[in-house]
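Asks: Here it is: the structure, laid out below.
Numbering (the numbering used here), first residue to last: 169 to 336.
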C-alpha cells in the first residue's frame, strides 16, 4: 500500500509527530472522489453530446438544445438532492459526487450557454441574446425548485393498501 509521505516539522515534539502521522493515516483517500466525478462527468458529457447532435440548433437561432439540456439538468439536480438528502438515509459517500457533480454536472453545459449568448450577439441578435441569457438563468433556477417540490410530492404519495386476509 502506498501511504502518502507526511511532512512533519523538525521542531515538532515526539508526541506531536505521532499525532500528525496518526491523523494522516486515518484520513480517507481523495482520489476516489475525483475519479468518481471524472467518470460521471464523462457519462454526462456523452449524454449531452448525444442530445446536441440529435437536436442541433441553426447558427444565429435560439439555442433550444442547450436551453433544454440546462433546464432538464437543473430539474434533475433538484430532485436528486431531495432523494439523497431526505430519503435515501445514508447513501454511499460517492453517490452524490457521481450523480450530482459528475453525471448531471457533465450533462449541463453553462459554458456552452455563454458561447451561445456570444454567438447570438455576433450574429446581430442582441435582444435574443439577452433573452436567452436571463431566460436560461431564470428557467434553471425555477427548474431546481420544481425538481425539489416534485420529488417531495412524489415521495409522499399514498400507497395502495392491500386488505388484510381474514378480516372484513
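All residues carry an ideal CB built from backbone N, CA and C; glycine is no exception.
Quick check: the Cα distance between residue 171 and residue 198, rounded to an integer number of angstroms?
Replies: Residue placement at residue 171 cannot be trusted, given a pLDDT of 48 that sits under 50; what the coordinates show is reported in the next sentence. If you take the alpha carbons of residue 171 and residue 198, they lie about 13 angstroms apart.
Asks: Enumerate in chain order the residues of its own chain whose CB-to-CB distance from residue 308 is below 7 angstroms, with the five nearest sequence positions on each side excluded.
Replies: 238, 239, 242
Asks: Is the Cβ-Cβ distance between residue 205 and residue 270 less than 8 angstroms?
Replies: yes
Asks: Find out if the Cβ-Cβ distance for the pair residue 282, residue 216 is shorter than 8 angstroms.
Replies: No.
Asks: What do you reckon, are the CB atoms on residue 262 and residue 201 nearer than 8 angstroms?
Replies: yes
Asks: Beta carbon of residue 228, beta carbon of residue 291: below 8 angstroms?
Replies: Contact: yes.
Asks: Please go through the same chain and pick out, in chain order, the residues whose beta-carbon is closer than 7 angstroms to the beta-carbon of residue 293, but skip the five residues on each side of it.
Replies: 228
Asks: Exposed or buried, what is residue 259 when buried is set at 16 or more other beta-carbons lying within 10 Å of its beta-carbon?
Replies: Label assigned to residue 259: exposed.
Asks: Going straight from the alpha carbon of residue 317 to that of residue 254, what length do you get?
Replies: 12 angstroms
Asks: Looking at the structure shown, is residue 199 part of a helix, part of a strand, or coil, going by DSSP?
Replies: helix
Asks: Output needed for residue 232: all residues of its chain with C-beta closer than 6 angstroms, excluding positions within five of it in sequence on either side, in chain order.
Replies: 225
Asks: Rounded to a whole number of angstroms, what is the C-alpha to C-alpha distance between residue 315 and residue 322?
Replies: 10 angstroms
Asks: Report, in whole angstroms, the separation of the C-beta atoms of residue 288 and residue 296, which I expect to be a contact under 8 angstroms.
Replies: Sure, about 5 angstroms apart at Cβ, within 8 angstroms.
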